[in-house]
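Trainee: Handing you this structure, nothing more for now.
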Amino acid sequence: MKKTVLASALAIFLPFVAACSNTPDVTSALTAYRYRIDVRQGNMVTQEMAAKLKPGQTKDQVRFILGTPLVADMFHADRWDYVYRFQSGKGEVQQRRLVVFFEDGRLARLGGDVVAGESAADARPAAQVIDIAGEKKE
């Protein structure tokens, strides 16, 4: 009887002792191979969308073309910000920004790094302010 009690006690207690042993950490080896999703945040504004904007368009027309702005500040009602951020699963980050300025409820100029008339490959990385009527302000 003592042998059966001892055997059952060892059978119950032995897995707990084995769990405390010093085993290699397999989770650190697996984290290098785990899948990470691409994260897209904000409003995707393309060069083609910016090319559809014309001076004098109303806020409703601009909202129809670009969508709802990410930032519409109540203290600067004549400025809308469209920000798009893409982070790939590998960690590379791309960020694009378009700022729309209005005067008297009509589209006056654009700013940011999305410029109308350029292809996506020729997009300028530096931020700039562009007068839609034709003059560029840097």
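Residue numbering for the sequence shown is -18 to -1, 1 to 120, as defined by mature numbering (1 follows the signal peptide of the UniProt record, and there is no 0). The beta carbon of each residue, even a glycine, is placed where N, CA and C say it ideally should be.
Closest to Arg22 by CA distance: which of Phe83, Arg67, Lys72, Glu85 is it?
Mentor: Residue Arg67 is the option with its Cα nearest to Arg22.
Trainee: If I follow the unbroken beta strand (DSSP E) through Asp63, where does it start and stop?
Mentor: 61 to 69 is the span of the beta strand (DSSP E), which, as asked, contains Asp63.
Trainee: At what residues does the alpha helix (DSSP H) containing Phe46 begin and finish?
Mentor: Looking at the DSSP string, the run of the alpha helix (DSSP H) that includes Phe46 is 41 to 48.
Trainee: Among the residues of its own chain, which have a CB less than 6 Å from the CB of Ala103, if the five just before and after it don't count?
Mentor: Confidence is the limiting factor: at Ala103 the pLDDT is only 49, short of 50, which leaves the residue's position unreliable and the question unanswerable from this model.
Trainee: Taking DSSP as the reference, what is the three-state secondary structure of Val81?
Mentor: The answer is strand: DSSP assigns Val81 an E or B state.
Trainee: What separation, rounded to the nearest whole angstrom, lies between the Cα atoms of Arg18 and Lys72?
Mentor: Their Cα atoms are separated by approximately 7 Å.
Trainee: Here's the rule: buried if 16 or more other CB atoms are within 10 angstroms of the residue's CB, otherwise exposed. What is Ala(-10)?
Mentor: Label assigned to Ala(-10): exposed.
Trainee: Opposite Gly24 in the DSSP bridges: which residues?
Mentor: DSSP output for Gly24 lists Tyr66 as bridge partner(s).
Trainee: Among residues of its own chain, excluding the 5 on either side of Asp60, which ones have a beta-carbon nearer than 7 Å to its beta-carbon?
Mentor: For Asp60, where only same-chain residues beyond five positions count, the Cβ hits under 7 Å are Phe83, Phe84, Glu85.
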